[in-house]
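Asks: Numbering (our numbering), first residue to last: 1464 to 1704.
Ideal placement from N, C-alpha and C gives every residue a C-beta, glycine not left out.
It should be emphasised that the depicted structure is a prediction, and the values quoted were computed from it without experimental measurement.
Just dropping this structure here.
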Ligand code: NAP
């Protein structure tokens, strides 16, 4: 029987690498994205080229109508199946010092990262609890663990997801649904391409940015059966930062 995984923000960066990894583990991957269909199609093509299975599932994770529409349609077409792995990966950053921060910069970052994670998780966790098996992997950030200057909105959103992770892990453990967070440091993706890598590298003990594939390996492990006894945790992947 086919096993399904949904990766939000699967069109680029960490989400693309996670989609490819999960497909290599035998999952049929639902590749979510917001608007960049060209890049999402590339993820799908790579998976198909490797002999894996996937489909595109665009929706805006901030929009409950779009989420419900896409997921209801999928459930209707796949009556005996359920999505057993959810990777809440889609995210944005809009950095500014707090005293300059606009309502939009605050609300957009909270809505996409924190509220989006809540909406999708609420929509899917019931199936996992019902089937008594599931994996929820939330991609947070070291910024949500230690705080990062210029990122009060992003740090607050990611810290909020860490709270959600821990509380939902307590609600779900008896039903064999694990809920964990991964906190990357600096990873080389579109999200960090405007950063001055040379300067930042000096602060990273490993002396380099991480790759999306390195994060995807951890996602793959947490999604696997081998990680059955790990829940409610925040696991850093930051080159020692
Ligand atoms: P990225 O390369 O900028 O990709 C962002 C992804 O999120 C894209 O697939 C984008 O879709 C999707 N997305 C954004 N808003 C969305 C929405 N409203 N609905 C649906 N999809 C949406 O980002 P990344 O660096 O891979 O980051 C992935 C995750 O890791 C994020 O949660 C980020 O906060 C976290 N993280 C990243 C780093 C880092 O250094 N890169 C460090 C710590 C944590 P489109 O292609 O359609 O725009």
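Among all the DSSP beta bridges, which residues are the ones paired with residue 1614?
Replies: Within the chain shown, numbered from 1, the residue matching residue 1614 stands at position 151. In DSSP, residue 1614 forms a bridge with 1559.
Asks: Quick one: is residue 1581 near chain C, going by C-beta distance under 8 Å?
Replies: Although the question refers to chain C, the structure presented lacks it and comprises just one protein chain.
Asks: Buried or exposed: where does residue 1614 fall if 16 or more other Cβ atoms within 10 Å of its Cβ makes it buried?
Replies: The residue you call residue 1614 lines up with position 151 of the chain shown. Buried, by the Cβ-count rule.
Asks: If you draw a straight line from the alpha carbon of residue 1584 to that of residue 1617, how long is it in whole angstroms?
Replies: The residue you call residue 1584 lines up with position 121 of the chain shown. The residue you call residue 1617 lines up with position 154 of the chain shown. Their backbone Cα atoms lie some 19 Å apart in a straight line.
Asks: Using CA coordinates, which residue listed in 1698, 1593, 1559 and 1496 is at the minimum distance from residue 1629?
Replies: To locate residue 1629, count along the chain shown from 1; it is residue 166. The candidate whose alpha carbon is nearest that of residue 1629 is 1698.
Asks: Since residue 1550 sits in a beta bridge, which residues does DSSP pair it with?
Replies: If you number the chain shown from 1, residue 1550 lands on position 87. Answer is 1470 and 1600, bridged to residue 1550.
Asks: So residue 1650 is in the beta strand (DSSP E); what residue range does that whole segment cover?
Replies: Position 187 of the chain shown, counted from the first residue, corresponds to residue 1650. Element bounds for residue 1650: n/a, residue is neither H nor E.
Asks: So is residue 1647 buried or exposed if we call it buried at 16+ other beta carbons inside 10 Å?
Replies: Residue numbering aside, residue 1647 sits at position 184 when the chain shown is read from its first letter. When all chains shown are included, residue 1647 counts as buried.
Asks: What do you get for residue 1484, buried or exposed, if any count of 16 or more other CB atoms within 10 angstroms of its CB means buried?
Replies: Taking the chain shown and counting its residues from 1, one reaches residue 1484 at position 21. Classification of residue 1484: buried, given that the 10 Å Cβ count is 16 or more.
Asks: Relative to the C-alpha of residue 1487, which candidate in 1503, 1591 and 1509 has its C-alpha closest?
Replies: The residue labelled residue 1487 in the question sits at position 24 within the chain shown. Among 1503, 1591 and 1509, the Cα nearest to that of residue 1487 is on 1509.
Asks: Looking only at its chain, what residues have a beta carbon closer than 6 Å to the beta carbon of residue 1676, apart from the 5 residues adjacent to it on each side?
Replies: In the chain shown, residue 1676 corresponds to position 213, counting from 1. Result list for residue 1676: 1480, in chain order.
Asks: Since residue 1517 is in the alpha helix (DSSP H), which residue starts that stretch and which ends it?
Replies: As a working note, residue 1517 is residue 54 in the chain shown. First-last for residue 1517: 1516-1519, but that is the beta strand (DSSP E), not the alpha helix (DSSP H).
Asks: Which same chain residues, not among the five before or five after residue 1683, have their C-beta less than 7 Å away from its C-beta?
Replies: As a first step, residue 1683 is located in the chain shown; it is residue number 220 there, counting from the start. Correct list, in chain order: 1484, 1485 and 1488.
Asks: Do the stretch 1665-1676 and the stretch 1688-1695 make contact, defined as three or more Cβ pairs closer than 8 Å?
Replies: Segments in contact, no.
Asks: Note down, in chain order, each residue of its chain lying with its Cβ closer than 8 Å to the Cβ of residue 1652, except the 5 sequence neighbours on either side.
Replies: Here residue 1652 corresponds to residue number 189 of the chain shown, with the count starting at 1. Excluding positions up to five away in sequence, the list reads 1475, 1476, 1477 and 1675.
Asks: Report, in whole angstroms, the separation of the C-beta atoms of residue 1599 and residue 1538, which I expect to be a contact under 8 Å.
Replies: In the chain shown, counting from the first residue as 1, residue 1599 sits at position 136. In the chain shown, counting from the first residue as 1, residue 1538 sits at position 75. About 18 Å separates the two Cβ atoms, so there is no contact after all.
Asks: If you follow the beta strand (DSSP E) that residue 1494 is in, where does it begin and where does it stop?
Replies: Walking along the chain shown from the start, residue 1494 turns up at place 31. Residue 1494 -> beta strand (DSSP E) spans 1490-1494.
Asks: CB of residue 1602 to nearest heavy atom of the ligand NAP: below 7 Å?
Replies: For the purposes of this step, residue 1602 is identified with residue 139 of the chain shown, where counting begins at 1. The answer is yes for residue 1602.
Asks: With DSSP collapsed to three states, give me the class of residue 1682.
Replies: As a working mapping, residue 1682 is identified with position 219 in the chain shown. Residue 1682 falls in the helix class under three-state DSSP.
Asks: Does DSSP put residue 1538 in a helix, in a strand, or in coil?
Replies: Reading the chain shown from its first residue, position 75 is the one you call residue 1538. Three-state result, residue 1538: helix.
Asks: Can you tell me which of 1678, 1536, 1549 and 1511 puts its alpha carbon nearest to the alpha carbon of residue 1591?
Replies: Taking the chain shown and counting its residues from 1, the one referred to as residue 1591 is at position 128. Selected option, being the one with the closest Cα: 1549.
Asks: DSSP beta-bridge partners for residue 1644?
Replies: Residue 1644 sits at position 181 when you count from the first residue of the chain shown. DSSP, once it has assigned bridges, lists 1601 and 1697 as partnering residue 1644.
Asks: Does residue 1478 come out as helix, strand or coil in the three-state DSSP assignment?
Replies: The residue labelled residue 1478 in the question sits at position 15 within the chain shown. Here residue 1478 sits in helix by DSSP.
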